[in-house]
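Asks:
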Amino acid sequence: MADAQPLANVYPIGSTINELGRLEVGGCDVVDLAREFGTPAYIVSEDDMRARARGLQSAFAAESDDFKLIFASKAFPCAAVCALFAEEGFGCDVASAGELAIALAGGVPAGQIQMHGNAKSELDLQRAVELGIGAIVVDNLRDLDRLEELLDGSSRQKIYLRIAPGVSPDTHPAISTGGPNTKFGFDLEHAPAAIARAQAIDSLELEGLHFHIGSQIFDLSPFEGALRSLASLGEFKAYNLGGGLAAAYTAQDHPPGYAEYAAAKAGALESVFGPGHRLLDEPGRALVANGCVTLYSVESVKRNVDTYVAVDGGMSDNLRPMLYGARYEAEIADRFGGGTACHLVGKHCESGDILIRDADLNQPAAGDLVVVPATGAYGHAMANNYNGALRPPVIFASNGDARVVVRRESDDDLLVRDV
Ligand code: PLP
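Just so it is clear: in the sequence shown, position 35 is 77 by our numbering, and no numbers are missing.
(1) So which residues touch the region around the ligand PLP, with touch meaning a C-beta under 5 Å from any heavy atom?
(2) Under three-state DSSP, which class holds S271?
(3) Exposed or buried, K344, counting other C-beta atoms within 10 Å across all chains shown (16 or more means buried)?
(4) S452: buried (16+ other C-beta within 10 angstroms of its C-beta) or exposed?
(5) Which first and last residues belong to the beta strand (DSSP E) in which Y338 is found?
(6) Quick one, which of L189, D323, T292, Q294 has its alpha-carbon nearest A305's?
(7) Where does the unbroken beta strand (DSSP E) through I205 begin, and where does it stop?
(8) Is it buried or exposed, A186, if we count other Cβ atoms within 10 angstroms and call 16 or more buried?
(9) Using 10 angstroms around the beta-carbon of G326, count the other beta-carbons present and answer buried if the total reaches 16, otherwise exposed.
(10) Verify whether the separation of the beta carbon atoms of F118 and A310 is less than 9 Å.
(11) With a 10 Å radius around its C-beta and 16 neighbouring C-beta atoms as the bar for buried, classify R362 as buried or exposed.
(12) Please go through the same chain and pick out, in chain order, the residues whose beta-carbon is closer than 6 Å to the beta-carbon of M357, but skip the five residues on each side of it.
(13) Within the same chain, show all residues whose beta-carbon is closer than 8 Å to that of S210, passing over the 5 residues directly before and after it, in chain order.
(14) State the DSSP-derived secondary structure class of Y281, mapped to helix, strand or coil.
(15) Use the C-beta contact count for L329: other C-beta atoms within 10 angstroms, 16 or more gives buried, fewer gives exposed.
(16) Determine the closest residue to G318 out of D107, G286, S196, S100, with distance taken between C-alpha atoms.
(17) Please classify R169 as buried or exposed, where buried requires at least 16 neighbouring CB atoms within 10 angstroms.
(18) Give a yes or no on whether the C-beta atoms belonging to F253 and E277 are separated by under 9 Å.
(19) Would DSSP call I259 helix, strand or coil?
(20) Restricting to Cα atoms, I'd like to know which of C70, G69, Y84, V414 is closest to L432.
(21) If the criterion is Cβ atoms closer than 9 Å, does the pair L456 and T81 meet it?
(22) Going by beta-carbon coordinates alone, are Y202 and G250 separated by less than 9 Å?
(23) With a CB to CB cut of under 7 Å and the five nearest residues on each side skipped, what residues in its chain are close to A280?
(24) Rounded to the nearest angstrom, what separates Y95 and G131 at their Cα positions?
(25) CB-CB under 7 Å to S271, same chain, minus the five flanking residues each way: which ones, in chain order?
(26) Could you check which residue in H296, G153, A401, I205 has the C-alpha nearest to that of Y350?
(27) Checking 9 Å against the spacing of the C-beta atoms, do Q145 and V136 come in under that value?
(28) Tell me, please, whether the stretch 438–453 touches the stretch 68–80 by the rule of three or more beta-carbon pairs shorter than 8 Å.
(29) If you draw a straight line from the C-alpha of K200 to the C-alpha of I55, how long is it?
(30) Could you tell me which residues DSSP puts in a beta bridge with Y84?
(31) Quick check on the burial criterion: 16 or more other C-beta atoms within 10 angstroms. Buried or exposed for P406?
(32) From the DSSP output, read off the bridge partner residues of V414.
(33) Contact defined as beta carbons within less than 8 Å: I believe A439 pairs with V67. What is the distance between those atoms, to the nearest angstrom?
(34) Tell me which residues share the same chain as L173 and place their Cβ nearer than 7 Å to its Cβ, disregarding the 5 neighbours each side in the sequence.
(35) Can you grab the Cα-Cα spacing for the pair A240 / T292, in whole Å?
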């Protein structure tokens, strides 16, 4: 029963098992949510995301008197989520004109937005410049050439230069982005020339340097090493240390807390460059992963050599297990507990479409409602229409009320681009 099974730290803050034995998120019974909104569905606890936003703000405030947190919107690019973090005082990082449009639709002021990207298009930069966004993170010399052409000299565009510090944190290679041989940013050999070129363009104001060494990082020590690498490039007003803090996907994951993360980053900045520098940080995953669960319906249970529990979603709503073997856990939403060793699989036409290999569910049966927690980061973001899947809605739940912030796709949406 409920009391015997406390919820693991992977669930949204405040989630409970109610007297019917069903999971509640944001005060809403998920069985009722599935009935009302259908499955698959992303259920977001709004209060969880606000609590994390506030927790991270306080953690940095305790360590620095000159910092700015920027939500990496790629982790959960939807207007309502961008709006939530903007309301909590975050800036917003976008990686394309498309993400820029989403942030603006969420009401994020242009001046609070920063644009990234290792292959920014003319259109990306044109939009950014026209709208007067807060800063552009320059990745390569072509960015500088294009910005020089696009800016008419009436105002100066703030920029950062993205540097690859040659540091690889302990994470999956697919999400390690600051090593000695990466597609992102200027390496240490080419950075001095890029800095000189940026400083020579009158319409640009070089605020500082940026790095993002990777994602799902548990060991925080590489941040100081990354800053030490940057020290050879001179001293700047501001340093953007990227995102990267790990989230807990399974009960075995114990990422550093926000206080530890903020202390590591602020401490590293001060120890390498001394006091008086502005610290920017742009987390995504650690803010949004655990605030969201995905609800699925079980369509079939097949007993082959192994048992396959097949649900009505899969790699179309959560690509991460297939992309880089990401681990999740699952429960039957109104019958927590294990007992049946099985694989939780998707509905797509690939054998690799396995959401959770070696899952442990409580007597799964067709018609059951399955919940997979910690799906807020890079789930909705990477969702796709493989096999004509209709991308799931995003439902915000708070204090027992639920509202749709992104509706489910329809067949018409699938055909809207066909001519
Ligand atoms: N900043 C940049 C430039 C990124 O590419 C990313 C993610 O890929 C982030 C920030 C956010 O990283 P995370 O979600 O690990 O916090």
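Quick reminder that beta carbons are idealized off the backbone N, C-alpha and C, glycines included.
Replies: Once the coordinates are examined:
(1) For the ligand PLP, the selected residues are A114, A117, H158, H254, S257, G284, G285, G286, E324, P325, G326, R327.
(2) Here S271 sits in helix by DSSP.
(3) Taking a 10 Å sphere around the C-beta of K344, we find fewer than 16 other C-beta atoms and assign the residue as exposed.
(4) So S452 ends up on the exposed side.
(5) Looking at the DSSP string, the run of the beta strand (DSSP E) that includes Y338 is 334–345.
(6) Closest in C-alpha terms to A305, from the list L189, D323, T292, Q294, comes D323.
(7) Where I205 is concerned, the enclosing beta strand (DSSP E) starts and stops at 199–206.
(8) Before going on, a small fix: residue 186 reads as Leu here, not Ala. It is buried - the Cβ of L186 has at least 16 other Cβ atoms within 10 Å.
(9) Buried, because 16 or more other Cβ atoms sit within 10 Å of the Cβ of G326.
(10) No, the Cβ-Cβ distance between F118 and A310 is not below 9 Å.
(11) Buried.
(12) Within the same chain, M364, G388, H390, D395 come within 6 Å of M357 by CB-CB distance, once the 5 residues on both sides are set aside.
(13) Taken in chain order, the residues that qualify are S218, G220, G221, P222, I255, G256, P264.
(14) Residue state, collapsed to three classes: strand.
(15) The residue in question, L329, is buried, as its Cβ has 16 or more Cβ neighbours within 10 Å.
(16) Of the candidates D107, G286, S196, S100, the one whose C-alpha sits nearest the C-alpha of G318 is D107.
(17) Using a 10 angstroms sphere on the CB of R169, the tally of other CB atoms reaches 16 or more, which defines it as buried.
(18) Taking 9 Å as the Cβ cut-off, F253 and E277 do not qualify as a contacting pair.
(19) Strand.
(20) Of C70, G69, Y84, V414, the residue nearest in Cα terms is Y84.
(21) Contact check for L456 against T81 fails: the beta carbons are separated by 9 Å or more.
(22) The beta carbons of Y202 and G250 sit closer together than 9 Å.
(23) Correct list, in chain order: E249, G250, H319, R320, L322.
(24) Inspection of the sequence shows that residue 95 is occupied by Ala rather than by Tyr. Computed Cα separation, rounded: 9 Å.
(25) Excluding positions up to five away in sequence, the list reads P207, G208, V209, L230.
(26) Taking only the C-alpha atoms, the option nearest Y350 is A401.
(27) Correcting the residue type first, residue 145 is Ala in the shown sequence and not Gln. For A145 and V136, yes; Cβs fall inside 9 Å.
(28) For the pair of segments examined, the stretch 438–453 was found to touch the stretch 68–80: the number of CB pairs separated by less than 8 Å reaches three.
(29) Distance from the CA of K200 to the CA of I55, rounded to the nearest whole angstrom, comes to 37 Å.
(30) As DSSP reads the structure, Y84 sits in a beta bridge with T336, V436.
(31) P406 counts as buried, since no fewer than 16 other beta carbons sit within 10 angstroms of its beta carbon.
(32) According to DSSP, V414 shares a beta bridge with T336.
(33) V67 and A439 do touch by the CB rule: their CB atoms are close to 5 Å apart, below 8 Å.
(34) So the qualifying residues of the chain are A152.
(35) Near 44 Å, if we compare the C-alpha coordinates of T292 and A240.
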